[in-house]
Structures are given as C-alpha cells and as structure tokens.
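J.: Protein chains in written order, with the numbering used here: chain H, 30 to 166; chain F, 30 to 166.
Protein chains: 2
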Amino acid sequence: MKLSLKVEYACQVLAQLGHTHGRKELPHIDDLSRAEEVPSNYLVQILNELRNAGLITSRRGKQGGYALARVPREITLCDVVRALDGGVLEFSAESRGASAERTKAIWREVGAFLEEKLRSYTVEDFMGAGTTEMYYI
Amino acid sequence: MKLSLKVEYACQVLAQLGHTHGRKELPHIDDLSRAEEVPSNYLVQILNELRNAGLITSRRGKQGGYALARVPREITLCDVVRALDGGVLEFSAESRGASAERTKAIWREVGAFLEEKLRSYTVEDFMGAGTTEMYYI
DNA sequence: GGTTTCTTGGGTGTTCCACCTAAAATTCGG
DNA sequence: CCGAATTTTAGGTGGAACACCCAAGAAACC
Numbered sequence: 030m031k032l033s034l035k036v037e038y039a040c041q042v043l044a045q046l047g048h049t050h051g052r053k054e055l056p057h058i059d060d061l062s063r064a065e066e067v068p069s070n071y072l073v074q075i076l077n078e079l080r081n082a083g084l085i086t087s088r089r090g091k092q093g094g095y096a097l098a099r100v101p102r103e104i105t106l107c108d109v110v111r112a113l114d115g116g117v118l119e120f121s122a123e124s125r126g127a128s129a130e131r132t133k134a135i136w137r138e139v140g141a142f143l144e145e146k147l148r149s150y151t152v153e154d155f156m157g158a159g160t161t162e163m164y165y166i
Numbered sequence: 030m031k032l033s034l035k036v037e038y039a040c041q042v043l044a045q046l047g048h049t050h051g052r053k054e055l056p057h058i059d060d061l062s063r064a065e066e067v068p069s070n071y072l073v074q075i076l077n078e079l080r081n082a083g084l085i086t087s088r089r090g091k092q093g094g095y096a097l098a099r100v101p102r103e104i105t106l107c108d109v110v111r112a113l114d115g116g117v118l119e120f121s122a123e124s125r126g127a128s129a130e131r132t133k134a135i136w137r138e139v140g141a142f143l144e145e146k147l148r149s150y151t152v153e154d155f156m157g158a159g160t161t162e163m164y165y166i
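This is the structure:
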C-alpha cells in the first residue's frame, strides 16, 4: 500500500497553485517545478492529468500558465487521488476461491471509509497558514 | 492506490486457516491453493512471509501443514498488510519543496486513520457465518 | 512573425509484481 | 535408518508500471 510520488507531487503543486489563486499572472511549469522541486518533465504529465480531470485550467502562449479550476476549498484530496491514481483503493475484479467474495466485501468497506476521509481534506489544508504568502517570480 | 493481489490472497488463505483452526490435521499448501484458487507457487512465498511475521505457524514433513499462530479474532487486517506490504500507507522519506512538509503531515494523518480502521477487522471477519464448515480433504 | 508558453506523443531505464523452478531441510512411518 | 511427504530456501523470469526525459507541434500574445 504505497502512495505514488505522482500524487505527492500533485498535492504540493496544487498547494502552490492555491497560493496564486486569484492573481492575474499565472505561474508556469518552471515556476512550479522550482518552487516544489518537482522534475519539470514529470510535472508536465501531472498537470495534464489534473487538467483532464477538470481540477485545474491552463492558458498557453505568452502570459500563459496554470490555475485552479475552483476555489481551493472545493478541490478535495479524493479528487486528486482519483484523477491521478484512478481510484482510492482498487483491487482485482475477478473473485475466485472460497473466501474471495467475503474478502472483497470487507475491502470495499475499507475503501469507502478511506474515500470518505479523503473527501474531508482539501487543497486549502495543503496551503499552510500564510495563505497570501507566495513564491515570487 | 492499489491493493496488491498478495494481500488479497493472504486474506483468503487466512480465512481458510481460520476454519481449520483447532484441528489436528493441518492443511498443506496444495489444500489451501485449491480451496482459494491461489497459484501454489506464489502461495509458498505468502505463507513464508506470514510465518516470519508470526501470524501463522508451520510443521514440515509428513502430517505437516499450516495453522494460525493465534485465535482468528486476534489477527487483524493491519497485521496482514504490514506483514506483506511492509506498511499501511508508505510514501517517500525525503521532503523537498515548499509544501512538502505540510503534504506529508496530512498524509500521515490519513495513514494513521486507515491503520486504525484496519485494526478493527480480524481474520474472523473473513471467515463467514459457517465458522465450523470446512474444506474437506 | 516570432517568441513564449502549453500540448502531445513517444521513448527509456529501473523497479516491482506475480509467478515459476529446483534443490535443500525436516518430519514421520515403517 | 530408510524413504516418502511436506515445508524451506534460493534463484530466476516475463511483463507491467513507475518516474522521468525529449522533441516536435499548436495556441496565444506582442
């Protein structure tokens, strides 16, 4: 049960985007990469998946960059995990063996429980006290 | 966030061992493999790790086989996960980037929460209603 | 038009997962 | 004590996934 680096990176970057939320100047990939020390070549992928999931928006060309699609409080940790890891707790579909069905039922309970918990955290929780303090370009 | 097949298999097999708990005749690998439809070559590894973690005991030679080390109710799902996946929710040790520390703190909370939940399930829960019904050799 | 930025598609090395194989080591029956 | 039954240990393998790199293309602005 390992948390992927991808999700960790995403949380950090979303926190960063939370800080710049509402500004006119959008941070671009290199800014985010530098601020959170995430390899930019990998960050490209992550930002793309976040955009496809509707969590962030982007603008290209000069003055381009990234921004949250919604207010920080309305982006939950559950959203992030499902956007990048494709599900909170996934296991094999088929169910063979005497105790398979019962086993899966229990793990489904655990998954639902975990999902509820993840829904209770938002990007705002990742932002820290200094809501207005930012990484200056 | 994927649950490994290994843990799924382990849950099923432990349920099976729960049913035979207290008997004189111990089930051996092939019995367990057949009852829960787990590839026996892989099951060998799983049983070994469970034994090294102290969750089951084994006897070799004729009349050998496997048995739970404790009463079903005293083997928790948390024990199983830690024995096989090495931790309930593990993430990278290093913490670089502006929001890294805060991110990890939150995920640690989630991990503790999940661990608590896993502690509330035991092998007994995997065994089903017919506690005495068994797989006959 | 040209620069800046995102977008897209591909590629790569390493690690891990699920599984297999074969040779020991141990236990018991005779 | 011999031999059959069983676990134990060690190693090996194919494929997938992870983390990451690279370069050409497409939009936006000056």
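All residues carry an ideal CB built from backbone N, CA and C; glycine is no exception.
(1) Nearest by alpha-carbon distance to I75(F): which of V110(F), G93(F), R137(F) and V117(F) is it?
(2) Determine the chain F residues that contact I135(H) at a beta-carbon separation under 9 angstroms, and present them in chain order.
(3) Determine whether the beta carbon atoms of V42(H) and L72(H) lie at a separation below 8 angstroms.
(4) Note down, in chain order, each residue of its chain lying with its Cβ closer than 8 angstroms to the Cβ of L143(F), except the 5 sequence neighbours on either side.
(5) Once you ignore the five residues that flank D59(F) on each side, which residues in its own chain have a CB closer than 7 angstroms to its CB?
(6) So Y95(H) and V67(H) are in contact, right, with Cβ under 8 angstroms, and what is the actual spacing, rounded?
(7) Can a CB atom of chain F be found closer than 8 angstroms to the CB of D114(H)?
(8) Where does R148(F) sit, in a helix, a strand or coil, going by DSSP?
(9) Give me the Cα-Cα distance between M30(H) and M30(F), rounded to the nearest whole angstrom.
(10) Report buried or exposed for E162(F), applying the criterion of at least 16 other Cβ atoms within 10 angstroms of its Cβ.
(11) Hey, does R102(F) have any beta-carbon neighbour from chain H nearer than 8 angstroms?
(12) Residue range of the alpha helix (DSSP H) that G47(H) falls in?
(13) Would you mind reading off the limits of the alpha helix (DSSP H) that contains L72(H)?
(14) Among the candidates P56(F), S128(F) and D154(F), whose CA atom is the shortest distance from the CA of G90(F)?
(15) Using the DSSP secondary-structure output, state which residues sit across from L97(F) in a beta bridge.
(16) The alpha helix (DSSP H) with R111(H) in it runs from where to where?
(17) Closer than 8 angstroms, CB to CB, is T132(H) near chain F or not?
(18) Can you grab the Cα-Cα spacing for the pair R125(F) / Q45(F), in whole Å?
(19) Please list the terminal residues of the continuous alpha helix (DSSP H) segment that includes A64(F).
(20) At a CB-CB cut-off below 7 angstroms, which residues of chain F make contact with Q74(H)?
(21) Using a Cβ-Cβ cutoff of less than 6 angstroms, which residues in the same chain neighbour L106(F) once the five nearest sequence positions on both sides are dropped?
(22) Starting from L55(F), find everything on chain H with Cβ-Cβ shorter than 7 angstroms and list it in chain order.
(23) In chain H, which residues lie less than 8 angstroms from L32(F) when you measure between Cβ atoms?
(24) By DSSP's criteria, K31(H) is part of a beta bridge. Which residues make up the other side?
(25) From N33(H) to D114(H), what distance separates their C-alpha atoms?
(26) Quick check on the burial criterion: 16 or more other C-beta atoms within 10 angstroms. Buried or exposed for A134(H)?
(27) Using the beta-carbon count (16 or more within 10 Å), is V152(H) buried or exposed?
(28) So is V109(F) in contact with chain H if we call contact Cβ pairs under 8 angstroms?
(29) How would you call K53(H), buried or exposed, if buried means at least 16 neighbouring beta carbons within 10 angstroms?
T.: Quick answer:
(1) Comparing alpha carbon positions, the residue from V110(F), G93(F), R137(F) and V117(F) closest to I75(F) is V110(F).
(2) Ordered by position in chain F, the residues that pass the 9 angstroms Cβ test against I135(H) are C40, L106, Y150, D154 and F155.
(3) A distance below 8 angstroms separates the beta carbons of V42(H) and L72(H).
(4) Closer than 8 angstroms at the Cβ level, and outside the excluded window around L143(F), lie V117 and L118.
(5) The residues are S69.
(6) Cβ atoms of Y95(H) and V67(H) stay farther apart than 8 angstroms, at about 13 angstroms.
(7) Yes, contact with chain F.
(8) Helix, per DSSP.
(9) Spanning the two alpha carbons is a distance of roughly 7 angstroms.
(10) Summary for E162(F): the model assigns pLDDT 44, below 50, so the residue's position carries little reliability; its value from the coordinates is reported in the next sentence. Burial is judged here by how many other beta carbons sit within 10 angstroms of a residue's own beta carbon; E162(F) has fewer than 16 and is exposed.
(11) No, no contact with chain H.
(12) For G47(H), the enclosing alpha helix (DSSP H) begins and ends at L34 to H48.
(13) Per DSSP, L72(H) belongs to the alpha helix (DSSP H) from S69 to N81.
(14) Nearest C-alpha to G90(F): P56(F).
(15) Beta-bridge partners of L97(F) (DSSP): I85(F).
(16) Looking at the DSSP string, the run of the alpha helix (DSSP H) that includes R111(H) is L106 to D114.
(17) Interface annotation, T132(H): in contact with chain F, CB-CB separation under 8 angstroms.
(18) R125(F) and Q45(F) have their alpha carbons spaced roughly 45 angstroms apart.
(19) Note, A64(F): alpha helix (DSSP H), I58 to E65.
(20) Under the 7 angstroms cutoff, chain F gives no residues; its nearest Cβ is about 17 angstroms from Q74(H).
(21) So the qualifying residues of the chain are L147 and Y150.
(22) The premise fails here: L55(F) is roughly 17 angstroms from chain H at the closest Cβ pair, so nothing lies under 7 angstroms.
(23) For a Cβ distance threshold of 8 angstroms, residue set M30, L118, E119, F120 and W136 of chain H lies close to L32(F), ordered along the chain.
(24) The beta-bridge partner set that DSSP reports for K31(H) consists of E119(F).
(25) According to the sequence as given, residue 33(H) is Ser; it is not Asn. Taking the straight line from one Cα to the other gives about 8 angstroms.
(26) Answer is exposed; the Cβ neighbour count stays below 16.
(27) Label assigned to V152(H): buried.
(28) It does not: the Cβ of V109(F) has no partner Cβ on chain H nearer than 8 angstroms.
(29) Under this definition K53(H) is an exposed residue.
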